[in-house]
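Structure record follows, encoded as structure tokens.
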Amino acid sequence: MKENRIDWDETNLQILSSMCRKCPEPHFQPRTPELPQIGCCAYEPVFTLFEIYKMVSSGEEEFFLHSIYPNPKNTVYDYEIIAGGNIHPLFYKKQPGQTETPYERHESLKKSVSTAYLAVDERLGYTMCQFFEEENGCGLPPAFKTSICRSFMCCSIEKALTEEERVLLDDWRRRIREEAETFHRKHKEVLQGKGISLGGNVLDIIGYLKQVDG
Ligand code: SF4
């Protein structure tokens, strides 16, 4: 039986693709054979108020408070948290025939506005999301995955889709984005009005999210 190229997981509102098992996207191929094949999971997920609400409302506030919030790799902003990735040691090693390490290349690329995006790519080439498990893929409960993680499909997969599949993909993406972004925007405004933020009053944010209806 022919496998779908993309599928919709209604329980967790996420888009899945069987093509990810053998990532076809040139941009995400490991730069050297020593690096693991992780596809797009080099990215560092950004938890918004929506994902924090999902953790709190499912009784997993301890997971948020002990594993996400204090993790030194993570950057806590007022209303979102960037989960820093694991950098492979090869980022700091010069490869045979090269005059600089990827880290040194990254540092010089980020100095200019016109090459800053290349610096991001250079670092991503050696980064692995902290939740990625080499044998199993994403180790985060699907309900806590960010809207980007639940909706991202690379160019290679998009190009392989039929017109009908593309329409479905757009609809699913819209649904994911609307739910997460609307929630985040609405509650960020309320919390700003109350003068509480993740940096200063994390327990107040948890208390607030506990009494939210969704
Ligand atoms: S949270 Fe999961 S899906 Fe998202 S980048 Fe990390 S490993 Fe991949």
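Residue numbers (numbering that gives the first Met the number 0): 0 to 213.
For every residue, glycine included, the Cβ atom is placed at its ideal position computed from N, Cα and C.
Check: Assigned exposure category for His-65 - 16 Cβ within 10 Å defines buried; Outcome: exposed
Check: Any non-hydrogen atom of ligand 1 closer than 7 Å to Lys-144 Cβ; Outcome: yes
Check: Per-residue burial, Glu-188 [other beta carbons within 10 Å of its own, 16 or more giving buried]; Outcome: exposed
Check: heavy atom of ligand 1 below 7 Å from Pro-140 C-beta; Outcome: no
Check: Assigned secondary structure, Met-127 (DSSP; H/G/I helix, E/B strand, else coil); Outcome: strand
Check: Cβ-heavy atom distance, Cys-22 to ligand 1, below 7 Å; Outcome: no
Check: Nonlocal neighbours in the same chain, by C-beta distance under 8 Å from Ala-115, ignoring five residues either side; Outcome: Leu-108 and Lys-109
Check: The beta strand (DSSP E) enclosing Leu-197, as first and last residue numbers; Outcome: Taken as a continuous stretch (DSSP letters only), Leu-197 belongs to no beta strand (DSSP E), as it is neither H nor E.
Check: Min CB distance Glu-99 to chain B below 8 Å; Outcome: Annotation note: the requested chain B is absent from the structure, which comprises a single protein chain.
Check: Neighbour-count burial assignment, Val-166, 16 or more Cβ in a 10 Å radius; Outcome: exposed
Check: Alpha helix (DSSP H) segment containing Ile-14, residue limits; Outcome: It is not in any alpha helix (DSSP H) - Ile-14 instead sits in the beta strand (DSSP E) that spans 13-15.
Check: According to DSSP, residues forming a beta bridge with Phe-63; Outcome: Partner(s): none; Phe-63 has no beta bridge.
Check: Residues sharing a beta bridge with Trp-7, DSSP; Outcome: Ile-14
Check: Beta-bridge pairing of Phe-46 - partner residues as DSSP gives them; Outcome: Ile-80
Check: Given 8 Å, three or more beta-carbon pairs between the stretch 160-177 and the stretch 29-44; Outcome: no
Check: Residue range of the unbroken alpha helix (DSSP H) whose run includes Ile-147; Outcome: 146-150
Check: For Thr-100 and Gln-94, the rounded distance between their alpha carbons; Outcome: 7 Å
Check: Ligand 1 heavy atom lying under 7 Å from the CB of Tyr-42; Outcome: yes
Check: C-beta contact flag for Ile-205 and Val-55 at 8 Å; Outcome: yes
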